[in-house]
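Q:
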DNA sequence: CTGAAAGCGCTAACAG
DNA sequence: CTGTTAGCGCTTTCAG
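Residue numbers (my numbering), protein chains in the order written: chain A, 18 to 349; chain B, 18 to 349.
(1) Please check the pair residue 255 of chain B and residue 233 of chain B, which I expect to be a contact at CB under 8 Å, by giving their CB distance rounded to whole angstroms.
(2) Which of the residues in the segment 290-317 of chain A, read from start to end, lie with their CB under 7 Å from any CB of chain B?
(3) Exposed or buried, what is residue 207 of chain B when buried is set at 16 or more other beta-carbons lying within 10 Å of its beta-carbon?
(4) Are the beta-carbon atoms belonging to residue 263 of chain A and residue 272 of chain A less than 8 Å from one another?
(5) Does the beta-carbon of residue 34 of chain B have 16 or more other beta-carbons within 10 angstroms, so that it is buried, or is it exposed?
(6) Tell me whether residue 259 of chain A sits in a helix, a strand or coil according to DSSP, three-state version.
(7) Interface residues of chain A around residue 91 of chain B at Cβ under 8 Å?
(8) Would you tell me roughly how many angstroms separate the C-alpha atoms of residue 26 of chain A and residue 123 of chain B, rounded to the nearest one?
(9) To the nearest angstrom, how far is it from the Cα of residue 87 of chain A to the Cα of residue 98 of chain B?
(10) Does the distance from the C-beta atom of residue 67 of chain B to that of residue 72 of chain A stay below 8 Å?
(11) Does the beta-carbon distance from residue 43 of chain B to residue 174 of chain B come in below 8 Å?
(12) Between A:133, A:152 and A:48, which has its C-alpha nearest residue 74 of chain A's C-alpha?
(13) Assuming contact is defined by CB atoms lying nearer than 8 Å, are residue 268 of chain A and residue 200 of chain A in contact in what I supplied?
(14) How many Å lie between residue 178 of chain B and residue 288 of chain B at the Cα?
(15) Between which two residues does the alpha helix (DSSP H) containing residue 58 of chain A stretch?
(16) Assuming residue 316 of chain B and residue 96 of chain B are in contact, meaning their beta carbons sit under 8 Å apart, how far apart are those beta carbons, in whole angstroms?
(17) Below 7 Å CB to CB, which residues in the same chain sit around residue 192 of chain B once its five sequence neighbours on both sides are set aside?
(18) Looking only at its chain, what residues have a beta carbon closer than 8 Å to the beta carbon of residue 184 of chain B, apart from the 5 residues adjacent to it on each side?
(19) Using a cut-off of 8 Å between C-beta atoms, extract the partners of residue 130 of chain A located in chain B.
(20) Can you tell me whether residue 120 of chain B is buried or exposed? The criterion is at least 16 other CB atoms within 10 Å of its CB, across all chains shown.
(21) On the CB-based measure, 16 or more other CB atoms within 10 Å of its CB, does residue 84 of chain A come out buried or exposed?
(22) Closer than 8 Å by C-beta to residue 22 of chain B: which residues in its own chain qualify, once you throw out the five before and the five after it? Chain order, please.
(23) For residue 296 of chain B, which three-state DSSP category applies?
(24) Please report the distance separating the alpha-carbon of residue 194 of chain B from that of residue 320 of chain B.
(25) Check each candidate in B:325, B:345, B:346 and B:347 and name the one with the smallest Cα separation from residue 160 of chain B.
(26) Taking beta-carbon pairs under 9 Å, can you tell me which members of the segment 95-114 of chain B lie near chain A?
(27) Where residue 80 of chain A and residue 151 of chain A are concerned, what is the direct C-alpha to C-alpha distance, given to the nearest angstrom?
(28) Below 8 Å on the Cβ atoms is my contact criterion, and I expect residue 327 of chain B with residue 158 of chain B to pass it. Report the Cβ-Cβ distance as a whole number of Å.
(29) Beta-carbon separation of residue 301 of chain A and residue 301 of chain B under 8 Å?
(30) Taking the alpha carbon of residue 169 of chain A as the point to measure from, which residue in A:335, A:116 and A:186 has its own alpha carbon closest?
(31) On the CB-based measure, 16 or more other CB atoms within 10 Å of its CB, does residue 137 of chain A come out buried or exposed?
(32) Counting contacts by CB-CB distance shorter than 8 Å, is residue 207 of chain B in contact with chain A?
(33) Would you kindly work out how many angstroms separate the C-alpha atoms of residue 230 of chain A and residue 347 of chain A, rounded to a whole number?
(34) Interface residues of chain A around residue 133 of chain B at Cβ under 8 Å?
(35) For residue 109 of chain A and residue 78 of chain A, which I take to be in contact (beta-carbon distance under 8 Å), what is that distance rounded to the nearest angstrom?
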């Protein structure tokens with residue numbers, strides 16, 4: 018049985034409220050009693066029960082971070098950014114992986130709300146816009162990362178995914194590639210993540226008068242295995258393809274494996290561009306060209322946005338868009 | 018203002034306790050009222066307030082996971098393992114990075130306890146054994162990963178680090194290396210993590226009659242930059258060294274960079290062995306030999322251990338030791 | 001400057 | 001099978 022505020026109060030010979038005051042550094046208290054209470058707190062090793070406090074204040078100093086998979090370096094870098102500012106501001110974070118499964122996402126969101134988190138940062142899938150809107154309307158501060166949703170009370174921090182795709186196609190076109198494939202994600206709904214990436218890709222092709230064959234675009238899970246399998250199939254069915262643009266670096270890594278396996282030399286026979294610029298792609302051979310995102314900053318901005326929503330509930334959040342640039346390496 | 022149990026009770030025309038019963042699926046209730054209450058819950062979209070529940074039950078269904086840096090693939094793989102079983106068992110996890118700073122570690126531990134987590138999994142540094150012991154004695158279930166501490170109420174899940182070092186030295190000795198350096202961590206206290214690794218290394222050297230020069234062992238932070246700098250210095254000062262054993266793969270990657278920079282060919286002029294076997298080391302060129310750990314399993318075991326401590330507070334936990342093996346690649 | 005009382009939302013006896 | 005009464009540990013009126 019841990020020591021409670023009442024224990025401190027009794028030992029110090031003051032009321033429980035007085036203890037509360039010194040703990041929360043609020044109200045005016047004579048320095049004498051303050052010191053006295055402080056001493057007792059130390060002596061008894063009193064620690065406030067945050068559940069109890071949260072129950073009354075409706076603030077827990079916790080936030081939820083909902084991502085696809087912490088094992089993906091992109092997410093872990095972002096998570097680090099979130100964590101760093103959270104820590105600095107006195108927040109603890111609940112971390113949850115969803116593997117991009119809408120159903121898990123839904124459960125996690127509910128669970129976090131049940132735990133009375135002060136806010137949520139999420140990399141959403143489509144299929145849950147309704148729930149997200151509902152949470153937002155219920156005063157649950159929530160910021161979406163890399164996903165656009167039109168809702169007054171939803172925070173938005175995103176990367177310029179469209180521009181990233183354009184940069185990639187510009188580069189490939191300049192290198193003279195005619196048939197360019199793309200490895201896309203499973204959620205192609207317009208308005209979100211993949212939508213903007215795919216749109217940028219298509220617009221880029223159009224800008225250079227390159228063939229926009231729907232079969233050149235493959236949907237795959239966002240990990241290496243997915244990229245490997247998808248690239249294998251794509252290159253086998255369309256040998257004329259000489260360049261592949263992947264929506265994240267893990268996919269590009271998988272495509273690299275596929276090329277090796279098929280005996281295609283990179284970049285001579287097949288050029289490769291990834292997205293995110295995770296550390297790994299700069300270390301492999303050949304190193305991979307990638308659209309760079311400042312991942313830590315993405316996380317930091319998301320957390321800052323969330324904090325401002327928490328502290329100013331009435332002020333509608335201003336969307337933030339972060340730029341990208343292309344890091345050219347050996348794979349192109 | 019969210020809907021409460023009282024609201025449901027009134028709307029359903031039953032007592033608040035009855036609602037509590039159906040929510041918690043406890044006690045016998047007539048199917049009729051049960052269905053009725055269920056309907057009202059659905060209608061009102063009632064969700065239980067977990068803070069309130071936790072305040073009375075002393076159980077929050079949350080645990081804390083305290084690691085060095087989620088950005089290190091080793092930790093993110095482990096975290097994934099922890100998360101997977103946590104999710105399956107209905108637990109949410111607080112994630113906290115400490116960058117191996119004892120002071121941050123201390124704060125984080127306190128903070129987690131304040132949030133009334135049901136248990137804690139931590140990759141500890143030395144310097145906090147006292148606090149850990151104190152928490153454990155206060156009935157706070159806690160399991161240490163890759164760290165040995167003799168305390169009846171502390172759970173222990175560890176990798177056989179000593180054996181890992183022995184495997185590494187065996188392999189290097191068999192390859193004919195005479196002068197072997199080691200990149201070690203900053204916490205060399207006997208009994209823990211580094212202690213066992215270093216001991217295995219030294220015992221290995223002794224077993225083969227190889228020189229055990231204290232200056233061959235360098236302390237460095239556990240990231241690539243650290244490994245880079247340490248290897249650079251080590252190789253410059255002791256050109257006779259032809260092999261380096263690093264306590265984690267990130268360090269080994271840094272050492273690889275150092276070799277490239279110095280024009281030393283790997284493995285011909287300098288062999289490299291890492292630890293953890295993160296994905297990255299299999300993808301670089303040359304690929305790195307590494308002591309393999311089943312990282313996900315490590316996390317899963319830790320979570321299982323913690324759960325059993327939570328559910329059987331009186332039963333002292335049985336330490337778990339996981340085996341390692343050597344994955345030989347191009348760097349040796 | 002300090003205290004008494006009420007209540008956050010829930011579960012736990014103990015009755016009925 | 002169901003309801004009443006406390007009380008978890010804390011903060012918040014509102015008095016003193």
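Using N, Cα and C, we set each Cβ at its ideal position, and we do this for glycine too.
A: Answer, in terms of the structure:
(1) Going by Cβ atoms, the distance from residue 255 of chain B to residue 233 of chain B rounds to 7 Å, so yes, they are a contact pair.
(2) Under the 7 Å Cβ criterion, the segment 290-317 of chain A contributes 297, 300, 301 and 302.
(3) With a pLDDT of 49 at residue 207 of chain B, under the threshold of 50, the modelled position of this residue cannot be trusted, and the question is left open.
(4) Yes, these two residues count as a Cβ contact at 8 Å.
(5) Note on residue 34 of chain B: under 16 other CB atoms within 10 angstroms of its CB, so exposed under the neighbour-count rule.
(6) Collapsing the DSSP output to three states places residue 259 of chain A in coil.
(7) Simply none; closest approach about 11 Å.
(8) Inter-residue distance for residue 26 of chain A and residue 123 of chain B is about 26 Å (C-alpha atoms, whole angstroms).
(9) Roughly 10 Å separates the two Cα atoms.
(10) Not a contact, by the Cβ cut-off of 8 Å.
(11) No; because the gap between Cβ atoms is not below 8 Å, this pair is not in contact.
(12) For the residues A:133, A:152 and A:48, the minimum Cα distance to residue 74 of chain A belongs to A:133.
(13) It is a contact, given that the beta carbons lie within the stated cut-off.
(14) Residue 178 of chain B and residue 288 of chain B have their C-alpha atoms roughly 20 Å apart.
(15) First-last of the alpha helix (DSSP H) with residue 58 of chain A: 48-61.
(16) Cβ-Cβ separation between residue 316 of chain B and residue 96 of chain B: approximately 6 Å, consistent with a contact (criterion under 8 Å).
(17) 288 and 349, listed in sequence order.
(18) Contacts found: 308, 341, 342 and 343.
(19) By Cβ distance, chain B contributes 64.
(20) Under this definition residue 120 of chain B is an exposed residue.
(21) Residue burial annotation: residue 84 of chain A is buried, with at least 16 other C-beta atoms found within 10 angstroms of its C-beta.
(22) Correct list, in chain order: 33, 36, 37, 40, 63 and 65.
(23) In this structure, residue 296 of chain B counts as coil in the three-state DSSP scheme.
(24) Rounded to whole angstroms, residue 194 of chain B to residue 320 of chain B spans 40 Å at the Cα level.
(25) With distances taken between Cα atoms, residue 160 of chain B lies closest to B:325.
(26) Those would be 96, 97, 100, 101, 104, 107, 109, 110, 111, 112, 113 and 114, in chain order.
(27) The alpha-carbon atoms of residue 80 of chain A and residue 151 of chain A are separated by roughly 18 Å.
(28) About 5 Å separates the CB atoms of residue 327 of chain B and residue 158 of chain B; that is less than 8 Å, so the two are in contact.
(29) Between residue 301 of chain A and residue 301 of chain B, the C-beta spacing is below 8 Å.
(30) Here the closest residue by C-alpha is A:335.
(31) It counts as buried.
(32) The pLDDT assigned to residue 207 of chain B is 49, lower than 50, so where the model puts this residue is not dependable; a value taken from the coordinates is nonetheless given after this. So no, residue 207 of chain B is outside the interface.
(33) Here the alpha carbons of residue 347 of chain A and residue 230 of chain A stand approximately 26 Å from one another.
(34) The answer, in chain order, is 66, 67 and 68.
(35) The Cβ separation is near 7 Å, so the contact holds.
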